[in-house]
Amino acid sequence: MKDFARWAVDTALVRRATYADVRVVDIRERYLSTKNGRAAQVRESQSLGLGVRAIAEGAWGFAATDDLTRASIDRTAARAVEIARASALAKKHNVQLAPEAKIVDRWEAPCQIDPFSVPISVCLDLLLKVDAALRQVQGVTLAEALMDFRRIEQFFLSSLGSEIHQVKTQTGAGYVATSFAGNEIQRRSYPNSFGGQYQTKGYELVEELDLVGNASRIAEEAVALHRCDQCPTGVRDILLDSSQLGLQIHESIGHPIELDRVLGAEANFAGMSFLTLEKLGTLKYASDIVNVVADATPAHGPGLGTFAYDDEGVPTQCTPIIKDGLFAGYLTSRETAAAIRQTRSTGAMRAESWNRIPLIRMTNVSLLPGTWKLEDLIADTDDGIYMETNRSWSIDDRRYNFQFGTEIGWEIRDGKKTRMLKNPSYGGITTEFWNSCDAICGPENWVLWGTPNCGKGQPMQTMGTGHGASPARFRKVQVGVAYPG
Amino acid sequence: MLTRQRAEQIFEKVLKYCTAEETEATIASTSYALTRFANNTIHQNVAEETSVLSVRVVADGRTARVSTNKFDEESIRQVAEGALALARLQPPDPDLLSMLGPQTYRAVDRFHSETAGRSARARAETVSRVIARAEKDHLTAAGVFSSGATAFTLFNSRGLVAHHEETHSEFSVTMLGESSSGWAKRTSPNWLELEALELADRAARKALESREPRVLAPGKYTVILEPVALLDLLGFLVLDFSGLAVHEQRSCFTGRVGEKLLGENINIRDDVFHPLQMGAPFDGEGVPRQRVLIVEKGVVQNLVYARQTAKKVGAQPTGHGFPVPNEVGEAPVNIVMEGDRTSVEEMIRRTPQGLLVTRFWYIREVDPYQKILTGMTRDGTLWIENGQVRHGVKNLRFNQSLIEMLGQVEMMSPPQRAAGEESFEMVVPAVKIREFNFSSLTEY
């Protein structure tokens, strides 16, 4: 891999690139799923290729190939430089990068049990046990379960002299019970919706999740939702479980802090951000108890945003995003950091694969735990709704007006969790919502969730991000908004 | 890109190494380039060449798929043998079908060599002209201009060979003013049909028309949806038109096929051969795609079926299956919705009060059976009063049942090819709809 990368950088420099970096990436994936008692998908894939990013005449070019012969690599590197020269036809200024040091290192994410070493029959047996437990509950009309394993090996080499070899293993697993009855489709998922839980670790994640042990409860809830009351409409206090809060963080904090959005680079597709530059250090983003970090360091945990170096060769960091409620930092690249005169990138540039350029992506954007115990928080709530597991999510292109729905809710009356509620939803304005947060649960309820499907960029790139959160309470939120009167 | 001859050689090697009862191989080859601009400058400019071999086997009533982008002898051997090994590790599927034999396909011509060979310099020159258009009105332009080609061949050991080549191009542009924005997009197999400057002009006019947007109270309003706004909503129905989805009771049409659910004026079909459509004339298993009339006069009359679904429910395959194995089954991906003769301008003239919506953003399903969707307006939401566009309004959030909405369509334009960001391209009209439900607004 190193030789391929070296050839490409050398060729780009010979072609008079002023900067070049190359990523050789090898991704292996195994995806297993079951549906209603049968294997639904059993597939594996491998993708190996090389992408060259170059600056020439003050502008960017990028070219990628999966033909790793010497001639093809030289041709691809030359093409990256040629494309950069074409970009220069419509440039306003030369690209400037924040300084970065040369790094030579190798890092491998901890992985106790290589998921590719676990026999497929063992995985399918487990998924089919879950499936059987789900369908044992009368009223479940569809049972679906999956496991998803990825191993990503990457060699990064740049004209600064950096040579960085990283290996990550990611594991995901989860299931959903669907129940159709009357004029309703209801679903319950475990441990999270839209694929389950994903982390940068091995098969040990599957063993930790106790998939079978939760299946009956999940199936029973899916069926019971048909019989329970609709979530009321009005203004209520709400408690969000940690997985829903993880997605709330993703959409209403993680995306708006991407500096490329703020500066307009994503204006045509993903949108921009309400966090314009004058708000840095001045905006009261949230209540005083809210502290959020963007932390890609392994010390934060095995999130999908955990790594040692980003795809520009910048070491990972823990960046304060909201400090005691005050907006404190952006996610940046070397180029955007230089654009706002910061001395260094926060190390957030990542690419989906060898054939895509790195973009600013969330790392692990997490809400730091508070001090409440969940049972005390419920006991402290007179009239509220506890909402669990995301069902729908939507936010405007500046990340300001949002609306979420969850799979299930529970009414809280006089400090007690009472009746089940179906079709819960809530909505609001980002800063008003975060400023209404008055209680955050402690580390014992804190979970580092993986969002494996975050889309951004043109061509679209899908990236995994991490979001740690424990349940929290928000006062006077508009609920029931998704169902027109 | 790999030639068809080279693809045949690769398939011969796959067969050499694969001892399964049946073997299928798809070989897809792509050459793609995209120029991206923002802040009136090109900031990202990329190109890629890639090919993928995907092998599926059937052995003892089991199937599995393994893919690679390496084409050396050893990689092909590993993929072929790996697929068989993977298949043997799972329980048998009594519903699994044998592979399809040779088929005949109606030819479609969707390859334009000028589009395949469009250079970065040529794209940059077009972008420069679009930026100049933006600067003329003190606007800021952002967008993409892409072009490329794909070749796809599906072989199986029962003698089926299905081959399709297609070029693709896209231009989209957002024009940003101080307090407003406008947007336009077009895709085509032929880059000459993009008309980038016309799109830039349209987006610029939208940005200028919607300057200094005013606050509009949430509520139910008459709306005129431009074709792309309609298509991004309709995209949420395509998986519900699947025979397997109805059979598994996860479709909003479960128990409602044959009922009059939508308006009398709603007619939707799937037609890959429509001159404004794109795509291959066969599905993921090589079944020839058929034209299917899905909704006729507001009644869901027909669904689409992959081979396995068709056998399960006693229907005929329609050529809409995804590559096997998959969980979804099938979907219509060449939607054509009938329109009428009323232009958007005429709809505006005949509207006492209402909103013109350029496009929606971040649409998500709130309720899968009532088909309630939520999302935001974006890039040009304009207030109409007494038959004229008066001013822009701040963007609004909607919560609206798609099924109810398709019962409230009052006027339609002739259908046109439209391309959005939340669904694939369709041929759809602009529509005027009464009582569209907006629930909240944003500051932008």
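Chains as they are written, first to last, in this note's numbering: chain A, 40 to 524; chain B, 2 to 445.
We treat Cβ as the ideally placed atom computed from N, Cα and C, and that holds for glycine.
For S147(B), the closest C-alpha among the options R351(B), G160(B), E49(B) is that of E49(B).
For H113(B), the closest Cβ of chain A is not nearer than 8 angstroms. In the pairwise beta carbon analysis, the region 391-411 of chain B is classified as not touching the region 323-338 of chain B: fewer than three pairs are separated by under 8 angstroms. Ranked by Cα distance from A347(A), the options L319(A), T371(A), R380(A), A387(A) are led by A387(A). The Cβ atoms of R398(B) and H164(B) do not sit closer than 8 angstroms to each other. When L322(A), E317(A), E297(A) are compared, the shortest CA-CA separation from G310(A) is found for E297(A).
Relative to T443(B), the option among F441(A), G364(A), Y324(A), K461(A) whose CA is nearest is F441(A). A contact between stretches requires three or more CB pairs, one per stretch, nearer than 8 angstroms, and the region 57-65 of chain B fails this requirement with the region 123-135 of chain A.
Secondary structure at Q250(B): coil, using DSSP grouped into helix, strand and coil.
In the structure shown, H265(A) adopts helical secondary structure according to DSSP, grouped into three states.
Counting only residues of its own chain and dropping the five nearest sequence neighbours on each side, W146(A) has a CB closer than 6 angstroms to the CB of Q205, A347. The beta carbon of T154(B) does not come within 8 angstroms of any beta carbon belonging to chain A, so the residue lies off that interface.
Taking CB atoms only, N222(A) has a neighbour in chain B less than 8 angstroms away. In chain order, G264, I434, R435, E436, F437 place their CB closer than 8 angstroms to the CB of Q409(B), counting only its own chain and leaving out the 5 sequence neighbours on each side.
The C-alpha of A26(B) is placed about 6 angstroms away from the C-alpha of R57(B). Shown here for A51(A): same chain residues with a beta carbon closer than 7 angstroms to its own, the five before and five after excluded, namely A59, V91, A93, A116, A119, V120 in chain order. The C-alpha of G352(A) is placed about 42 angstroms away from the C-alpha of V169(A). In the three-state reduction of the DSSP assignment, V245(A) falls in the helix class. In the DSSP annotation of this structure, M499(A) is not part of any alpha helix (DSSP H), being labelled neither H nor E.
For the C-beta of V174(B), the chain A residues within less than 8 angstroms are, from N- to C-terminus, N307. Judged by DSSP in its simplified three-state form, V288(B) adopts coil rather than helix or strand.
Within chain B, the residues whose beta carbon sits less than 7 angstroms from that of G444(A) are V367, listed in sequence order. Judged by DSSP in its simplified three-state form, L397(B) adopts strand. Not flagged as an interface residue toward chain A: L263(B), since no C-beta distance is shorter than 8 angstroms. Secondary structure at W485(A): coil, using DSSP grouped into helix, strand and coil. Within chain A, S431, S433, Q442, A521 have C-beta atoms less than 7 angstroms from the C-beta of T375(B), given in sequence order. Inclusion of A508(A) and V486(A) in the CB contact set at 8 angstroms is warranted, their separation being smaller than that value.
At the C-beta level, C270(A) and V48(A) stay beyond 8 angstroms of one another.
N387(B) is classed as exposed because its beta carbon has fewer than 16 other beta carbons within 10 Å across all chains shown. Contact with chain A is absent for N303(B), since none of that chain's Cβ atoms lies less than 8 angstroms from the residue's Cβ.
As summarised for the region 274-343 of chain B, the continuous alpha helix (DSSP H) elements at least 4 residues long and confined to that stretch are 308-314, given in chain order.
In its chain, beyond the 5 residues on either side, I225, M412, S414, A431, K433 have a beta carbon closer than 8 angstroms to the beta carbon of M348(B). H44(B) has its alpha-carbon roughly 35 angstroms from the corresponding atom of P416(B). In the same chain as G293(A), and ignoring 5 residues on each side of it, the C-beta atoms closer than 6 angstroms to its own belong to M401, V404, in chain order. Residue contact with chain B for L284(A): absent (no Cβ-Cβ distance below 8 angstroms to any residue of chain B).
The continuous alpha helix (DSSP H) containing K17(B) extends over residues 5-18.
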